[in-house]
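In this note's numbering, the protein residues as written are 8 to 373. Each residue gets a CB set at the ideal place from its N, CA and C atoms; glycine is no exception. Structure first, commentary second.
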DNA sequence: AATCCGTGGTG
DNA sequence: TCACCAAGGAT
């Protein structure tokens, strides 16, 4: 492979692994090599920072310490343990995959590429990560860190935003990886990317493999990796309503099982026209048509902006009072302020609830 | 291949 | 402030 010509592979492996063994962070998923816990950590770490994951991981493996316990756990509780982490299909896929492992593999996480990669939510990166870390199998685990680090070390100018580029790096890692310690090698690359070879201003003076780095030798480390820009998120105008009955209960709705924020609960809301003057009428029609709800809508007591990776919600939030009763179903419920804690809400609707409670409090103290 | 899918931290 | 981003996968 031409990218590795004149590259000292064995010395690089040794320098990287020695550094990792000496300097690696003390992280909760590094206390043992339980394949289940390695798996959970890798799913949580997808597109999510280590500091964010730590408390979620600790709580999750305490609540669901084994494959069996997660396989038999209630869906609502599993989702609740993920609340606020984002990318909620990860936990739905993890739950389904763990059930499959419990049934098909007698609770043993597979140790082959075919077995692991066929599990829901487990792609090329996670396959390599579990195999190398939990089982010591020399498979590449190419994530954003690995592409950034190797782009610099080998001075590779391919766009890491392109799917094809990941395959190139997998081929490179197949030749580069330590067969003796693939776990430390793969984790070392990622740890280096997280601590030293960071985006923007890499700490090259502290780098254990500086002597191997072609980008550093050429002084172009800040130019790498090449990464194409992503499309800007599109803004959406939304209306939402916190509806209360005479008992103080609130109306909540469960989102569909597919798509954005699947299976999470929310306050009734819909996309609305921008004209502020007609928002309340639109919302009133929506409530009647969608839920058969008759209500007296009050004031728009707050506006909330919530930014997703590909969307921006600008939500105008009304309060309101129910007329008569609401037909409760699997997807529409009336809950009091204690019961509501059992339901999983996206952060955007947590903001709505918080704002509503402050609004009520302020009204009450007038 | 390009887009969808969350959230919170950062310079 | 805001553009970028962080241990990706599914479609």
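- By the neighbour-count criterion, in which a residue is buried when 16 or more other Cβ atoms sit within 10 angstroms of its Cβ, residue 66 is exposed.
- The beta carbon of residue 310 lies closer than 6 Å to those of 323 in the same chain, with the five residues before and after it left out.
- The C-beta distance from residue 233 to residue 164 rounds to 5 Å, short enough to fall under 8 Å.
- Just measuring C-alpha positions, the residue of 73, 91 and 74 sitting nearest residue 56 is 91.
- If you draw a straight line from the Cα of residue 260 to the Cα of residue 247, it is about 11 Å long.
- Each residue's CA atom was taken as its position, placing residue 347 and residue 175 some 48 Å apart.
- Annotation: residue 297 to residue 286 spans about 16 Å, alpha carbon to alpha carbon.
- If you look at residue 312, you'll find it in the beta strand (DSSP E) that goes 302-314.
- Beta-carbon to beta-carbon, residue 139 and residue 189 are separated by about 4 Å, close enough to satisfy the 8 Å threshold.
- Assignment of alpha helix (DSSP H) within the stretch 110-179, counting only whole runs of 4 or more residues, yields 120-124, 131-142 and 151-160 in chain order.
- Per DSSP, residue 229 lies in no beta strand (DSSP E) segment and is marked neither H nor E.
- Rounded to whole angstroms, the gap between the alpha carbons of residue 89 and residue 147 is 28 Å.
- The count of Cβ pairs closer than 8 Å, one atom from the stretch 198-212 and one from the stretch 178-186, stays below three, leaving the stretches out of contact.
- A distance of 8 Å or more separates the beta carbons of residue 269 and residue 319.
- Put simply, the backbone Cα of residue 295 is about 18 Å away from that of residue 262.
- Contact check between the stretch 39-49 and the stretch 57-77: three or more CB pairs, one atom from each, fall below 8 Å, which counts as touching.
- For residue 321, the enclosing beta strand (DSSP E) has its first and last residue at 318-329.
- Taking a 10 Å sphere around the C-beta of residue 134, we find 16 or more other C-beta atoms and assign the residue as buried.
- DSSP lists 260 as the bridge partner or partners of residue 273.
- In this structure, residue 325 keeps its C-beta atom at 8 Å or more from the C-beta atom of residue 341.
- In the structure shown, residue 278 falls within a strand segment according to DSSP collapsed to helix, strand and coil.
- The beta-bridge partner set that DSSP reports for residue 201 is empty.
- Residue environment analysis places residue 79 among the exposed positions, since fewer than 16 neighbouring C-beta atoms fall within 10 angstroms of its C-beta.
- Closest in alpha carbon position to residue 64, among 73, 48 and 172, is 48.
- For residue 245, DSSP records a beta bridge to 278 and 322.
- In this structure, the alpha-carbon of residue 223 lies about 23 Å from that of residue 31.
- By the beta-carbon neighbour count (other beta carbons within 10 angstroms, threshold 16), residue 150 is buried.
- For residue 341, the enclosing beta strand (DSSP E) has its first and last residue at 339-342.
- Under the three-state reduction of DSSP, residue 234 is assigned to coil, being neither helix nor strand.
- Ranking 14, 18, 23 and 13 by CA distance to the CA of residue 213 puts 23 first.
- Linking residue 131 to residue 54 through their CA atoms gives a straight-line distance of about 15 Å.
- Each of 15, 97, 50 and 73 was checked against the Cα of residue 267, and the nearest Cα belongs to 97.
- DSSP places residue 250 in the strand class (E or B) of the three-state scheme.
- For residue 19, the enclosing alpha helix (DSSP H) stretches over residues 16-30.
- By the neighbour-count criterion, in which 16 or more other beta carbons inside 10 Å mark a residue as buried, residue 240 falls on the exposed side.
- The straight-line gap separating the alpha-carbon atoms of residue 299 and residue 312 is approximately 28 Å.
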